[in-house]
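Everything on this sheet refers to the single structure shown next.
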Ligand code: GLA
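In the numbering used here, the protein residues as written are 591 to 958.
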């Protein structure tokens with residue numbers, strides 16, 4: 591009886607050991623290559639979404655603030671800041687020992703209209719707007735000095751054809767807002783990396799304009815470390831060659847390459863729009879939501895194949911790419927369920943709605 595009991599004991603110890611021996615996560619597969627990141631929302635940073643923190647800790651080495659540090663949420667009114675999200679976000683990143691990204695300081699979207707106006711509702715002049723922007727940057731970057739490791743300082747300042755996007759920022763200050771934003775961010779945290787971030791960087795005209803700007807900043811002694819390519823891709827577009835060309839040119843110009851907002855939209859679109867222009871919106875209709883119940887295996891396979899070939903390309907350029915970040919943690923929380931058509935069921939990420947890694951992806955890469 592005693593022998594039986596002790597062999598049972600030995601068995602249970604063995605069991606325990608094999609359970610605690612963790613399978614490597616996604617981040618471990620690419621540990622020598624680049625950070626693997628995810629954009630996280632309020633429910634995920636505050637622990638309201640059950641299981642999000644363990645998924646993040648196992649699979650991700652970097653996080654990006656999805657919405658909570660954009661101007662609207664963090665600075666909704668003149669003189670009123672809301673750091674509930676930001677503080678929880680940074681605490682989560684520290685717990686994960688992650689490379690923490692702040693997104694984003696200056697953008698034309700999700701920025702309240704008061705930002706551009708005086709008390710009488712008239713547009714500010716150039717120096718007034720720059721001062722307001724600098725105060726914002728000093729407050730937000732300053733609060734997380736030494737904690738947030740890299741900032742998307744300016745988001746989406748160019749149109750796809752390489753012309754300046756005619757936003758309030760540009761219309762009021764010309765290019766000045768960009769230079770002042772980078773200068774101020776550097777002053778507020780001299781150790782933080784600073785990035786310019788945009789979608790459709792694979793389009794040559796747009797990329798040319800972005801790189802010209804980045805070179806100009808650098809030649810004036812203004813810190814800029816890298817270019818974020820948002821990576822809102824589709825199954826067949828852009829081509830791997832187009833993406834590779836962008837990686838090569840950004841690197842050649844002397845900047846870090848980051849894939850900052852990766853997802854693959856598998857749903858049909860009412861028009862051929864690409865990228866992430868939030869102004870585009872089409873009416874809901876079942877024809878644009880073909881997989882509302884489930885995703886056919888053939889399409890699921892295409893998605894995993896697309897992700898595999900993208901990561902094979904990224905691995906070919908590990909000397910150039912510092913981070914690959916998914917725009918969302920799992921399909922259930924992807925913005926592509928609501929853009930460019932609201933209320934759809936999309937499958938754009940590598941983790942499904944049950945927070946399971948989609949099968950067939952990891953098998954294509956060397957196990958660490
Ligand atoms: C852009 C922005 C992100 C996010 C996505 C989709 O790419 O940079 O912050 O808003 O659009 O919503």
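Idealized CB from N, CA, C, for every residue including glycine.
For clarity, every value in this text was computed on a predicted model and none was experimentally measured.
Please state if the CB of residue j and the CB of residue i are separated by a distance shorter than 8 Å.
i, j, result
"residue 882", "residue 930", "no"
"residue 696", "residue 748", "no"
"residue 615", "residue 659", "no"
"residue 921", "residue 893", "no"
"residue 698", "residue 758", "yes"
"residue 706", "residue 762", "yes"
"residue 847", "residue 786", "no"
"residue 915", "residue 628", "yes"
"residue 790", "residue 796", "yes"
"residue 741", "residue 801", "no"
"residue 773", "residue 812", "yes"
"residue 630", "residue 646", "yes"
"residue 837", "residue 727", "no"
"residue 782", "residue 833", "no"
"residue 905", "residue 618", "no"
"residue 771", "residue 732", "no"
"residue 830", "residue 903", "yes"
"residue 788", "residue 820", "yes"
"residue 941", "residue 919", "yes"
"residue 652", "residue 943", "no"
"residue 907", "residue 865", "no"
"residue 735", "residue 704", "no"
State the DSSP-derived secondary structure class of residue i, mapped to helix, strand or coil.
i, result
"residue 771", "helix"
"residue 944", "coil"
"residue 643", "helix"
"residue 851", "strand"
"residue 761", "helix"
"residue 872", "strand"
"residue 735", "coil"
"residue 820", "coil"
"residue 815", "coil"
"residue 781", "coil"
"residue 607", "For residue 607, the predicted model reports a pLDDT of 47, less than 50, meaning its position is unreliable and no value from the coordinates is stated."
"residue 693", "strand"
"residue 670", "strand"
"residue 827", "coil"
"residue 846", "strand"
"residue 729", "helix"
"residue 745", "strand"
"residue 959", "Any question about residue 959 goes unanswered here, given that the chain covers just 591 to 958."
"residue 950", "coil"
"residue 636", "helix"
"residue 598", "Caution applies to residue 598, whose pLDDT of 49 falls short of 50 and renders its modelled position unreliable; the model cannot decide the point."
"residue 958", "coil"
"residue 754", "strand"
"residue 791", "coil"
"residue 989", "Because residue 989 is not part of the residues shown, which for the chain are 591 to 958, the question remains open."
"residue 721", "helix"
"residue 913", "strand"
"residue 856", "coil"
"residue 865", "coil"
"residue 786", "strand"
"residue 882", "coil"
"residue 888", "helix"
"residue 625", "strand"
"residue 711", "coil"
"residue 651", "coil"
Under 7 Å: does the beta carbon of residue i sit that close to some heavy atom of ligand 1?
i, result
"residue 936", "no"
"residue 822", "yes"
"residue 724", "no"
"residue 864", "no"
"residue 757", "no"
"residue 714", "no"
"residue 857", "no"
"residue 789", "yes"
"residue 694", "yes"
"residue 838", "no"
"residue 868", "yes"
"residue 925", "yes"
"residue 851", "yes"
"residue 917", "yes"
"residue 745", "yes"
Determine, for residue i, whether the minimum Cβ-Cβ distance to residues of chain D falls below 8 Å.
i, result
"residue 915", "Going by chain labels, chain D is absent from the structure shown, which holds only one protein chain."
Examine the Cβ distances between the stretch 861-878 and the stretch 836-848 and report whether three or more of them are shorter than 8 Å.
no
How do the stretch 800-808 and the stretch 846-858 stand: do at least 3 beta-carbon pairs fall below 8 Å, yes or no?
no
For the stretch 665-683 and the stretch 750-758, state whether three or more C-beta atom pairs, one from each stretch, are separated by less than 8 Å.
no
Count the C-beta pairs between the stretch 951-958 and the stretch 889-905 that are closer than 8 Å, then say yes if the count reaches three, no if not.
yes
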